[in-house]
Amino acid sequence: MLMPQVPFDDRGLAYGDGVFETVLLRAGAPVLWDYHHARLVKGCQRLNIPLPSMEQLIASWQSPPTAELEILKLVLTRGSGGRGYATPDNSHPRLMSRRTPFVVNADRWHEGVNVRLCQLRLGHQPLLAGIKHLNRLENVLARQEWNDPSIAEGLLGDTDGWLVEATSMNVFWQQAGTLFTPPLSQCGVAGTLRAALLDRGVVQEATIALNAIHEVDRLWVANSVQGVWPVSKLLSETGATLQTWPLLGQDRLQEISHHLLGYSPTSR
Numbered sequence: 001m002l003m004p005q006v007p008f009d010d011r012g013l014a015y016g017d018g019v020f021e022t023v024l025l026r027a028g029a030p031v032l033w034d035y036h037h038a039r040l041v042k043g044c045q046r047l048n049i050p051l052p053s054m055e056q057l058i059a060s061w062q063s064p065p066t067a068e069l070e071i072l073k074l075v076l077t078r079g080s081g082g083r084g085y086a087t088p089d090n091s092h093p094r095l096m097s098r099r100t101p102f103v104v105n106a107d108r109w110h111e112g113v114n115v116r117l118c119q120l121r122l123g124h125q126p127l128l129a130g131i132k133h134l135n136r137l138e139n140v141l142a143r144q145e146w147n148d149p150s151i152a153e154g155l156l157g158d159t160d161g162w163l164v165e166a167t168s169m170n171v172f173w174q175q176a177g178t179l180f181t182p183p184l185s186q187c188g189v190a191g192t193l194r195a196a197l198l199d200r201g202v203v204q205e206a207t208i209a210l211n212a213i214h215e216v217d218r219l220w221v222a223n224s225v226q227g228v229w230p231v232s233k234l235l236s237e238t239g240a241t242l243q244t245w246p247l248l249g250q251d252r253l254q255e256i257s258h259h260l261l262g263y264s265p266t267s268r
């Protein structure tokens, strides 16, 4: 673990001035690391924060694993200094990490999940779109909209009404046999599993209105830690059922994604 304590004047604490990554470790090795590193590089470039060396990053997972699956969280802030919002002339970034054992919720792979539409709308800021910066207040507020444990996720649209993402996952849908995911040029987090699927041509970007998502043939939420959850029921902001989808035995999106993550299709 690196730098477990954060000073009061740390800019990440004060302003959300930094980025983070949440990485699945399998037997101590990071999964989809090239994609996590690429997003970290992009985030540092966008915020003008010096990038840690690869040696510093690798050190965060060099201790012996405590479980077959772990979650590595990397937090990089600009460090301390500066006056108000003005950044210091010479930044000294602060890198922190934590590893925790992880048990995947495989029941959601096989049984599907309920999701709901969120009332909150994401604002547009292209400079921050795609990166995993530390200011996630929109997601925090959206997640406060429900406390029903039977609802696994909430879908977020932007101020123009287009579907963007879920509160902590990316969204995928199928229409006429083709798999799609929303573009994230204005807002949202570009997940690493999403990036891998786009690179392989498994999915393609397309826009869809949030209020039309109930019309798709199939719907999923997914990320590089939890894997792919098929959506079995979609609820409105008020809890009314908008659509239900039957669970089908063959799931190409899940099969390819879980192969990339190293998850067994028969795991329980």
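In our numbering, the protein residues as written are 1 to 268. Don't be surprised by glycine CBs; every beta carbon is placed ideally from N, CA and C. The structure presented is a predicted model; accordingly, all values stated were derived computationally and were not measured.
Sorting GLU68, PRO7, TRP245, VAL113 by C-alpha distance to the C-alpha of GLY262 places GLU68 at the top. Per DSSP, LYS73 is one residue of the beta strand (DSSP E) stretching across 69 to 77.
Burial is judged here by how many other beta carbons sit within 10 angstroms of a residue's own beta carbon; ASN105 has fewer than 16 and is exposed.
Spanning the alpha carbons of VAL113 and ARG200 requires a straight line of approximately 26 Å.
ASP158 is bridged by DSSP to LEU122. Between LEU253 and VAL203, the C-beta gap is smaller than 9 Å, which places the two residues in contact.
The residue among TRP173, THR207, ALA196, SER97 with its C-alpha nearest the C-alpha of LEU184 is THR207.
Cβ atoms of LEU155 and VAL140 stay farther apart than 8 Å, at about 16 Å.
The count of Cβ pairs closer than 8 Å, one atom from the stretch 11 to 18 and one from the stretch 72 to 91, reaches three, so the stretches are in contact. Contact check for GLY12 against ARG116 fails: the beta carbons are separated by 9 Å or more. By the C-beta density criterion, ILE58 is exposed, having fewer than 16 other C-beta atoms within 10 angstroms. A contact is defined here as three or more CB-CB pairs under 8 Å, and the stretch 215 to 235 meets this definition with respect to the stretch 162 to 176. The DSSP-derived three-state label of GLN204 is strand. The residues PHE20, THR22, SER97, ARG98, in chain order, have a CB closer than 7 Å to that of LYS73 in the same chain once the five nearest residues on each side in sequence are set aside. The beta-bridge partner set that DSSP reports for SER97 consists of LEU74. ALA240 and CYS118 have their alpha carbons spaced roughly 13 Å apart.
Distance from the CA of GLY28 to the CA of ASP160, rounded to the nearest whole angstrom, comes to 42 Å. Check the Cα spacing between LYS42 and each of ARG78, ALA129, MET54, THR100: the tightest is with ALA129. Straight through space, the alpha carbons of SER150 and LEU242 are spaced by roughly 16 Å. In the structure shown, the three-state DSSP call for LYS132 is coil.
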